[in-house]
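Each number in my numbering corresponds to the 1-based position in the sequence shown with 5 added. Yeah, the Cβ is synthetic: ideal placement off N, Cα and C, and Gly gets one too. Worksheet: the structure to be examined is printed underneath.
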Amino acid sequence: MWTRIPSSALRLTGADRVDFVQGQMTNDLRGAPTPGLVACTFLNVRGQIEFFARAYKRPGDVYLHLDAGQAGDLAARLRRYIIFDQVEVQDVTEDLRTVHVWGGQSVPGWNAEGGDAQTFELGGATVLAGRVNRTGESGTDLHYLARQEAEVLAVLGGEEVPLARLDAARVQAGIPDVTRDGFVGTLPQEVGLDVGGPLPAISYRKGCYVGQEIMARLEARGNARYHLARLSGEGLPDRAEVTRGGKIVGQAGLHAGGLSLARLRKELVPGDAVEVGGVPASVQPLAPLPSDA
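Laid out in structure tokens, this is it:
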């Protein structure tokens, strides 16, 4: 089965493209193979997330896959930092489409033993594919030209399932989506993006980047006051404040399948009762739940 992913995208070209974007993002693209893929964030000077992306390193360019509506603002930010760098930033959102193939469906042309980023022909079209875990198990993001969508999907086959179903599987598996969960403006360590988290997007061993000093302090002190948790409850409002005893203790993400991920204070433990926008909920352990998919 497969799901359409609301997306936007940037393409970076020029001799300095990898070094330039390396100095902006939290993960180590320079250290990735070619072709290669890393999840990453772009932070402000306070270490808070402005954008989440998956960066594809290819022989002739860097492709940044973002959530819908993000590419224009990230492009503007990147261009502000270009001084003498030989790099060009192009918004290719209108030209491309993305689907995520999951639930065990195979993709013709994909080499399961190959690297995380692969390019191959599908339905007469050239597709860029990435190994991405959106649901608790490895799936495949397929990126292709919008004008070739009919041909690609005809050869792909399988059942199209709505984004709401993927969201339910994602939340059940404990995997955050920075944009859909409303976690922009938080620290990566607070929402599961740290090394060892469900969606690692940081390298502490790479060179400098915007917000790096804050990340280094958090690594050294380990004192983030919040972490990613999961809440259960019926009819929880999306992206609402989480309270306990009238005190704000976190913020919830998207509600799907009776569950929500949340940025929650660490002192709360599984079984604690909280409210999400005034609606009763309980804290759950973040370990993935059994899947019905």
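Item	Value
Helix, strand or coil for Gly-41 per DSSP?	strand
Could you pull the start and end residues of the beta strand (DSSP E) that Arg-82 belongs to?	Where Arg-82 is concerned, there is no enclosing beta strand (DSSP E), although the alpha helix (DSSP H) it sits in stretches over 76-86.
Roughly how many angstroms lie between the CA atoms of Arg-152 and Gly-129, to the nearest whole one?	12 Å
Going by CA-CA distance only, name the one from Tyr-149, Met-220, Ile-180 that's closest to Asn-49.	Met-220
Are the region 172-180 and the region 255-262 touching by the rule of at least three beta carbon pairs closer than 8 Å?	yes
Drop a sphere of 10 angstroms on the beta-carbon of Ala-5, count the other beta-carbons inside from all chains shown, and report buried for 16 or more, exposed for fewer.	Nothing can be reported for residue 5, as the shown portion of the chain is limited to 6 through 298.
Can you list, in chain order, the stretches of the beta strand (DSSP E) that have 3 or more residues and sit fully within the region 174-258?	231-237, 246-249
Using 8 Å as the threshold, is the region 100-109 in touch with the region 27-44, meaning 3 or more CB pairs across them?	no
Based on the DSSP output, what are the partners of Thr-134 in its beta bridges?	The sequence given here has Ala at residue 134, not Thr. In the DSSP output, where bridge partners are listed per residue, Ala-134 has Gln-123, Leu-147.
What first and last residue would you give for the alpha helix (DSSP H) that runs through Arg-22?	22-27
Am I right that Tyr-231 and Glu-195 are in contact with their C-beta atoms under 8 Å? What's the rounded C-beta distance?	4 Å
Does the distance from the CB of Ala-257 to the CB of Ala-267 come in under 7 Å?	yes
Does the beta-carbon of Gly-52 have 16 or more other beta-carbons within 10 angstroms, so that it is buried, or is it exposed?	buried
If we ignore side chains and look at the alpha-carbon of each, how far apart do Gly-19 and Thr-140 end up?	35 Å
Less than 7 Å between the C-beta atoms of Val-157 and Leu-127, yes or no?	yes
When the distance is taken between beta carbons, is Val-104 closer than 7 Å to Arg-9?	yes
From the DSSP output, in three-state form, read off Val-274 for me.	coil
Can you grab the Cα-Cα spacing for the pair Ser-287 / Gly-255, in whole Å?	13 Å
Between Gln-217 and chain D, is any beta-carbon pair separated by less than 7 Å?	The chain inventory of the structure shown lacks chain D, comprising one protein chain alone.
Determine the DSSP secondary structure at Leu-264, reduced to helix, strand or coil.	strand
Do the CB positions of Asp-96 and Ala-76 come within less than 7 Å of each other?	yes
Under the rule that 16 or more other beta-carbon atoms within 10 Å means buried, what is Val-94, buried or exposed?	buried
In the DSSP assignment, find the unbroken beta strand (DSSP E) run with Ala-301 in it and report its ends.	Coverage of the chain is limited to positions 6 through 298, which leaves residue 301 absent and any answer about it impossible.
Are the beta-carbon atoms belonging to Leu-223 and Ala-229 less than 7 Å from one another?	yes
Classify Ala-286 as helix, strand or coil using the three-state DSSP reduction.	strand
Kindly give me the distance between the Cβ atoms of Leu-83 and Ser-13, rounded to whole angstroms, as I take these residues to be in contact under 8 Å.	Their Cβ separation, rounded to whole angstroms, is 14 Å, which puts Leu-83 and Ser-13 out of contact at 8 Å.
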